């Protein structure tokens, strides 16, 4: 069988009033001051993304804040509630929610995601996180956060339990036969009866099987444990890459880990988050990029935000012109340890003071993805060809719309949509030029996540077995969308 050609995936990331490093985004008059809790604003962004043929919209989340948290983090909608609203105001866009395995239970999460999958016609996805904010423990009746090994062992078991619960019903479990007064075929309902180290769950789940079978699993950890979890359960991997070389190294690592676990590495889609700046010309885009970066500059805010990966340790207590306080690493043991270690290593290797460390991290710098649509499309294609990515997560903000809109007589939102569509078209042209099979999302089906890798080891014992009601291992059952004819249960649906 001929291997299927790779297809670029496009994800939209929304940060409302301003995420990390964007403490003053909300000052822009084009952004509603309450953007992060304004459902109409989110609906507009989702519809723009859908018009630009994006595959999915991704909602980030966390469980702990301080007064130094970014504006969006201080006041934002809960992901599943928000995505339920977007499900009924879009038709084809994938809906990916961030939910933690440290401060939830598998049954509740499995039920919420299965419900979103039914509401949306098979468009839900789950970004699995274990929570890096150590302070979250105090919001859930714990004295301290889980250590790294426990977090990730719990996370793996959590996902396996959820996947088992999603197999509670076979596709035809509900005949709803009025003539025979038969609502359920009990032979097609299955208890889980899971007894594990962290969870004991009987099942079955009280939600029927969805059009896509099960929600898509995304993962975003960068530690050793996080990468290993992603290679084990992830179908999409969210990450960050500052350079082509970093992107290629991460990509190769995740794919090799997956192969070592018996998975097809081409069934995992690596999607680094990118800051993309698009203008009429390359020079226009660089001007937009620098203007937005300078507008976000605030040393005091950056110094305070430096504490987040270190469990919100307060660096304002140190002498700014003394060497970076390496002893602060101890506070990151139950936080975002990998990120904290990278910062400490940067300061040590370059012999930086605390002030220089903050400036190095927060100063404006050119990104690889700024230019006219054709330029950005070429760069994305270059990274794709080099196997540094399979898709991208594009930060979406109305500030970008404002900057672009100034070139279009103030038609800001229309300009943003125009630029997204033009960029997507430019990428498509590159792939067609190279005789690849880039598929512009025609929206007959849920392209964000329905064209996806089947999971290896779906059940709790990690053997390769078919979900109940399927005829073949490692396949997704059911139709891809209720608007389509029901798919043959033996057909393979992949994201590769």
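Numbering (the working numbering), first residue to last: 74 to 569. Note that CB positions come from ideal geometry on N, CA and C, so glycine has one too. The structure presented is a predicted model; accordingly, all values stated were derived computationally and were not measured.
Pop quiz: residue 434 and residue 347 are said to be a contact at Cβ under 8 Å. What is the actual Cβ separation, rounded to whole angstroms?
Contact doesn't hold; Cβ gap of about 18 Å is too wide.
Bridge partners for residue 86 per DSSP, in chain order?
131, 468
Quick check on the DSSP output: what are the complete alpha helix (DSSP H) runs of length 4 or more inside the segment 421-458, in order along the chain?
427-435, 446-458
Look at residue 258 and residue 275 and say whether their C-beta atoms are less than 8 Å apart.
no
Which residue or residues does DSSP assign as beta-bridge partners of residue 168?
130, 197
6 Å CB neighbourhood of residue 328 in its chain, flanking five on each side removed:
338
How would you call residue 206, buried or exposed, if buried means at least 16 neighbouring beta carbons within 10 angstroms?
buried
What's the C-alpha gap between residue 244 and residue 287?
So the alpha carbons of these two residues sit roughly 11 Å apart.
Is it the case that the segment 136-151 contacts the segment 88-96, given that we only count it when at least three CB pairs across the two stretches are under 8 Å?
yes
Status (buried if at least 16 other CB within 10 Å, exposed otherwise) for residue 316
exposed
On a Cα-Cα basis, can you pick out the residue from 237, 116, 417, 394 that is closest to residue 184?
Selected option, being the one with the closest Cα: 237.
Unbroken stretches of the beta strand (DSSP E), 3 residues or longer, contained in the segment 180-236
Correct list: 197-202.
DSSP bridge partner residues for residue 242 (one or two, in chain order):
Paired residues: 262.
If you run the structure through DSSP and keep just helix, strand and coil, what is residue 419?
DSSP places residue 419 in the helix class (H, G or I) of the three-state scheme.
DSSP three-state label for residue 309, please.
Residue state for residue 309 is assigned as strand, using DSSP reduced to three classes.
Please classify residue 200 as buried or exposed, where buried requires at least 16 neighbouring CB atoms within 10 angstroms.
buried
Suppose the cutoff is 7 Å on Cβ atoms and the five residues either side in sequence are ignored; what does the same chain contact list for residue 105 look like?
111, 114
On the CB-based measure, 16 or more other CB atoms within 10 Å of its CB, does residue 264 come out buried or exposed?
exposed
Among all the DSSP beta bridges, which residues are the ones paired with residue 289?
198
The alpha helix (DSSP H) spanning residue 284 covers which residue range?
That residue, residue 284, is in no alpha helix (DSSP H); it is neither H nor E in DSSP.
Going by DSSP, what residue range makes up the alpha helix (DSSP H) through residue 112?
112-124
Are the beta-carbon atoms belonging to residue 174 and residue 203 less than 8 Å from one another?
Against a cut-off of 8 Å, the Cβ pair of residue 203 and residue 174 comes out as a contact.
Inter-residue Cα distance where the pair is residue 344 and residue 86:
12 Å
So the beta strand (DSSP E) residue 94 belongs to, where does it begin and stop?
Per DSSP, residue 94 lies in no beta strand (DSSP E) segment and is marked neither H nor E.
Can you tell me the Cβ-Cβ gap for residue 304 and residue 331, rounded? I've got them flagged as a contact below 8 Å.
Yes, they are in contact, since the Cβ atoms of residue 304 and residue 331 sit about 4 Å apart, within 8 Å.
Quick one, are the C-beta atoms of residue 284 and residue 167 less than 8 Å apart?
no
What's the gap between the Cα of residue 128 and the Cα of residue 463?
13 Å
Counted within 10 angstroms of its Cβ, other Cβ atoms place residue 424 as buried (16 or more) or exposed:
exposed
Using 8 Å as the threshold, is the C-beta distance between residue 379 and residue 388 below it?
yes
Based on DSSP bridge pairs, tell me the residues matched to residue 347.
467
For the ligand MN, is there a heavy atom less than 7 Å away from the beta-carbon of residue 130?
With respect to small molecules bound, the structure shown includes none, and the ligand MN cannot be examined in it.
With burial defined as no fewer than 16 other Cβ atoms inside 10 Å of the residue's Cβ, what is the status of residue 253: buried or exposed?
exposed
Does DSSP classify residue 277 as helix, strand or coil?
Residue 277: coil per DSSP, three-state reduction.
For residue 413 and residue 402, which I take to be in contact (beta-carbon distance under 8 Å), what is that distance rounded to the nearest angstrom?
6 Å
Residue 355 vs residue 445 beta-carbon contact at 8 Å:
Residue 355 is a Cβ neighbour of residue 445, given a cutoff of 8 Å.
Please tell me whether residue 241 and residue 192 are closer than 8 Å, where the distance is taken between their beta carbons.
no
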